[in-house]
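Novice:
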Amino acid sequence: MTDAGLRYGRASLGLSFGVQGVAFALLVTRIPAIQDQYGISDGLLPVFLAAVPILAGAGSVATEKVVARVRPSVVLRWAQPLVLLALLGVGAGREMWHAAVALGVFGLSVGALDASMNMLGVSLQRAYGRSIMLGFHAAYSLGGIAGASLAWVGARYDMSLLASYLPVVAVLLPAALIGSRWYTEGNSPQEAGAGEAGAGGGLSFKLLLPLCLVMSFAYIGDSTVSNWSAKYLQDVLGSSEQLATVPYNVYMVTTLLGRTVGDLGVRRFGAVAVVRGGSLLAAGGFVVVAVAPGAWVGMLGFTMLGFGLCVIVPQTFAAAGRMFPGNSDAAVARLNIFNYVGFLVGSPLVGALGDAWSYRGAMLVPMVLVLATLVYARSFGAEPARYGGGHERPRTADVG
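Position 252 (the sequence shown) corresponds to 252 in full-length UniProt numbering; numbering is contiguous.
#1: How would you label P325, buried or exposed, when you count the other beta carbons within 10 angstroms and need 16 or more for buried?
#2: Please list, in chain order, all residues of the same chain as M353 whose beta carbon is under 7 Å from its beta carbon, the five residues on each side excluded.
#3: Express the C-alpha separation of Q35 and G321 in angstroms, rounding to a whole number.
#4: Are the beta-carbon atoms of V266 and V274 separated by less than 8 Å?
#5: Considering just the uninterrupted stretch of the alpha helix (DSSP H) at Q234, what are its terminal residues?
#6: Give me, in chain order, the residues of the same chain whose beta-carbon lies closer than 8 Å to that of G346; leave out the 5 immediate sequence neighbours on both sides.
#7: Would you say G301 lies against chain C (beta-carbon separation less than 8 Å)?
#8: Which class does E241 belong to by DSSP, given the choice of helix, strand or coil?
#9: Using a Cβ-Cβ cut-off of 7 Å (strictly less than) and excluding sequence neighbours within five positions of G381, which residues of its own chain qualify?
#10: Between G144, E64, V28 and A68, which lies nearest to A50 when the distance is taken from Cα to Cα?
#11: Which same chain residues end up closer than 6 Å to V313 when comparing Cβ atoms and leaving out the 5 residues on each side of it in sequence?
#12: Please name the residue, chosen from G284, G21 and V105, that lies closest to F302 on a Cα-to-Cα basis.
#13: So what's D36 in DSSP terms, helix, strand or just coil?
#14: Please report the distance separating the alpha-carbon of V288 from that of L309.
#15: For the candidate residues V122, D355 and V370, whose alpha-carbon lies nearest to that of G278?
#16: My understanding is that V350 touches L172, with C-beta atoms under 8 Å, so please give their C-beta distance in whole angstroms.
#17: Find the nearest neighbour of G144 within the set T2, A372, Y248 and Y340, judged by alpha-carbon distance.
#18: Should the segment 47–64 be called in touch with the segment 146–159, which here means at least 3 C-beta pairs below 8 Å?
#19: Using a Cβ-Cβ cutoff of less than 8 Å, which residues in the same chain neighbour Y387 once the five nearest sequence positions on both sides are dropped?
#20: Can you list the alpha helix (DSSP H) stretches of 4 or more residues lying completely in the segment 128–181, in chain order?
#21: If you compare alpha carbons, which of I132, L233, R30 and F343 is closest to R268?
#22: Taking the Cβ atom as the reference point for each residue, do S379 and P210 lie within a distance shorter than 8 Å?
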C-alpha cells in the first residue's frame with residue numbers, strides 16, 4: 001500500500017465517521033418530533049428507542065460473519081447509504097409501521113456501519129504504526145455537533161422531518177458514495193503478525209472481556225450525559241430551561257477537542273496512561289456533578305466528563321485490534337456489541353436510581369463503573385497489544 005493510498009484511505013474513512021455523526025445526531029435530537037409525527041405514545045416510545053440499539057447489535061454480529069467473506073470496506077460502502085436512506089424514511093413516513101420499518105433498517109445498518117468503520121480504522125492504524133484512531137472518532141464528534149445544529153435549525157423554524165432530513169441526505173449520500181472509492185485497508189493480519197493473544201488467528205472472549213466491560217462502562221457514562229444532563233441541571237441544580245441545554249453541547253465540544261489531540265497523547269505517553277487519565281478525569285467529573293451546588297459548577301463537571309470519556313471508546317477498539325492481530329475484524333465486531341449494551345443500560349439505570357433514591361446519588365454509579373476501567377487498563381497495553389518497541393513500531397515512510 002502506497003503512502004498516498006493510506007492518506008486517501010484515512011481521509012475517506014474520516015469522512016465516513018463524520019457523515020455517521022451527522023446522521024445519528026439528526027435522529028436522536030429530533031425524537032420528540034418523530035414521536036409527534038407518528039403519534040407514538042410515551043409508553044410505546046421506549047420500545048422504539050430500545051429496538052434501534054438491539055438491532056444495531058444484531059447488525060454488528062452479522063457483520064462479523066459477512067467480513068469473513070467480503071472486505072469490511074464493501075460492507076461500509078453499502079451500509080452508509082442504507083443508514084442515510086433509513087433516516088430519510090423516518091422523515092417521510094406517516095403510519096406507525098413506516099416508523100418501525102425505517103428505524104429497524106436504521107438500527108441494522110448502523111450496527112454494520114459502526115463495526116465496519118472501526119474495523120477499517122484499526123486496520124489503518126496498524127498500517128500507520130501509530131495512534132490515529134482518536135482522529136476518526138473526532139470526525140464523528142464533529143459530525144454530531146453539525147447534526148445537532150441542523151436539528152436545532154429544523155426545530156427552530158418548525159420544519160417537518162422530511163424537509164429537515166432531505167437536503168442533508170441529498171448532500172451526504174453522494175459524498176459518502178464518492179468517498180467510498182478510496183476506502184483502504186491496512187496490512188492484512190498475516191502482514192501484521194500474530195501476537196501471543198492472537199496466535200493462530202483465534203479469538204478468545206476471555207481475553208476480550210475486559211475491553212467489552214470497559215466499552216459498556218464508557219457508554220453508560222456517555223448515555224448518562226446525553227439523556228440526563230438537561231434534566232439534572234434544571235430539576236436538581238435549578239437552572240433555567242435554556243441553560244439546561246448547554247451541558248450536552250459543552251460535552252460534545254470537549255469530546256471533539258479531546259479526541260482531536262488525543263492521538264498525540266497516546267503517541268507520547270501510551271494508551272494505558274491516556275485511558276487511566278481519562279477514567280480518573282471522567283470519574284472526577286461525575287463527582288463534581290453529584291456535589292455541585294449550582295448550575296455552573298455542574299457544567300464544569302460535564303466539561304470534565306467530555307474530556308475524560310472521549311478517549312476511552314476509540315482506544316478500546318484500537319486495543320482489541322492490537323490484542324488479536326490475526327482476527328481483529330471479529331474482535332472489533334464483538335466489542336462493538338457492548339457499545340449498544342452500555343447505551344441500553346445507562347439511561348434506564350440512572351433514571352431508576354434517580355426515582356428510587358436521588359439523581360445526585362445516581363451520578364455516583366457511572367462514576368464507580370468508569371473507575372473500574374482502571375482495573376482493566378493494562379488490557380490497553382499488554383505486550384501482545386503493541387506495535388513494537390515503545391509505543392510505536394518504526395516506520396519506513398511518513399504517510400501523513
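Beta carbons: idealized from backbone N, C-alpha and C, even for Gly. It should be emphasised that the depicted structure is a prediction, and the values quoted were computed from it without experimental measurement.
Specialist: Well, looking at it:
#1: buried
#2: For clarity, residue 353 is Leu in the given sequence; the question names Met instead. Contacts found: G361, A362 and V365.
#3: 39 Å
#4: yes
#5: Unbroken run through Q234: none, as it is neither H nor E.
#6: Y219, I220, G221, D222, S223, T224, N227 and P366
#7: Included in the structure is just one protein chain, with no chain C present.
#8: helix
#9: G270, A271 and V272
#10: V28
#11: A218
#12: G284
#13: helix
#14: 15 Å
#15: V370
#16: The pair is not a contact, with the Cβ atoms about 32 Å apart (cut-off 8 Å).
#17: Y248
#18: no
#19: Confidence in Y387 is poor, its pLDDT being 39 and thus under 50, which makes the residue's placement unreliable; the coordinate value appears in the next sentence. Excluding positions up to five away in sequence, the list reads R126, G129, R130, R322 and R393.
#20: 133–156 and 161–179
#21: I132
#22: yes
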